[in-house]
């Protein structure tokens, strides 16, 4: 049964797209955190929020496709990680003001 799952064309494509979305979210994490730091300008913070929402928006439609896989929690977790970083930095900058 496991061999059938690995040889299925849907499994390979869904694994590829899930790893691609995880890598996309993690690649956005560092620039988003630098753009939203407390000393950043207000336009940079707006750009950071827009970039942080992008992986969550793109990953929202595909989360249901990976529900049967054992690593299905990885896609939504990594999709919302940049947004969590931005919100944390915005809370830090609001506390300093």
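In our numbering, the protein residues as written are 455 to 551. Don't be surprised by glycine CBs; every beta carbon is placed ideally from N, CA and C.
Setting aside the 5 residues that flank it on each side, residue 510 is surrounded in the same chain by 533, 534, 537, each with a C-beta closer than 6 Å to its C-beta; the list follows chain order. Beyond the five residues adjoining it in sequence on each side, residue 487 comes within less than 6 Å, by CB distance, of 539 in the same chain, given in chain order.
For residue 549, the enclosing alpha helix (DSSP H) has its first and last residue at 528-550. Residue 467 sits away from residue 499, with the two beta carbons spaced by 9 Å or more.
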